[in-house]
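K.L.:
My questions will all concern the structure given below.
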Amino acid sequence: MIRLRLNYRPCPVKLSEFPAYVENMHKDSNLLFAEAYKLLKEQSPSHPVTAANSENSRPKNRYTNIMPYDQSRVKLRPLDDVEGSDFVNANYIPG
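Position 67 of the sequence shown, counted from 1, bears residue number 67 in the UniProt record's numbering, the numbering being contiguous throughout.
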């Protein structure tokens, strides 16, 4: 099997050019999006995702490969006697 590496390189995109940028990323069955996510995963440090992997939280994860880090996850106000009710698959992002 030959693996094609497109050497996707993230770069700033002007707002006026954003629609064309997204359209280009969608070409070839979203190949450039896949490459961008792969690069992001490779460059991301490893952080615990314990809450997302708990038995009560797993069904709440839309995608099994995208998990919120424990250190920056959004915590909901828990419901009384409902274990895992404080979990939502979301992270706070500064800015």
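Built from N, CA and C at the ideal position, the CB exists for glycine as well.
With burial defined as no fewer than 16 other Cβ atoms inside 10 Å of the residue's Cβ, what is the status of Ala-52: buried or exposed?
P.N.:
Buried is the label assigned to Ala-52, since at least 16 other Cβ atoms lie within 10 Å of its Cβ.
K.L.:
Under 8 Å by Cβ, that's how I've got Glu-35 and Tyr-69 pegged, so tell me the actual separation to the nearest angstrom.
P.N.:
Contact doesn't hold; Cβ gap of about 23 Å is too wide.
K.L.:
Going by Cα to Cα distance, which pick from Gln-43, Asn-56, Met-25 and Gln-71 is closest to Asn-81?
P.N.:
With the sequence shown as reference, residue 81 is identified as Asp, and Asn is not the correct amino acid for it. Taking each of Gln-43, Asn-56, Met-25 and Gln-71 in turn and checking the Cα distance to Asp-81, the smallest one comes out for Asn-56.
K.L.:
Along the chain, where does the beta strand (DSSP E) containing Ala-90 start, and where does it finish?
P.N.:
87–91
K.L.:
Determine the DSSP secondary structure at Arg-62, reduced to helix, strand or coil.
P.N.:
For Arg-62, the three-state secondary structure derived from DSSP is coil.
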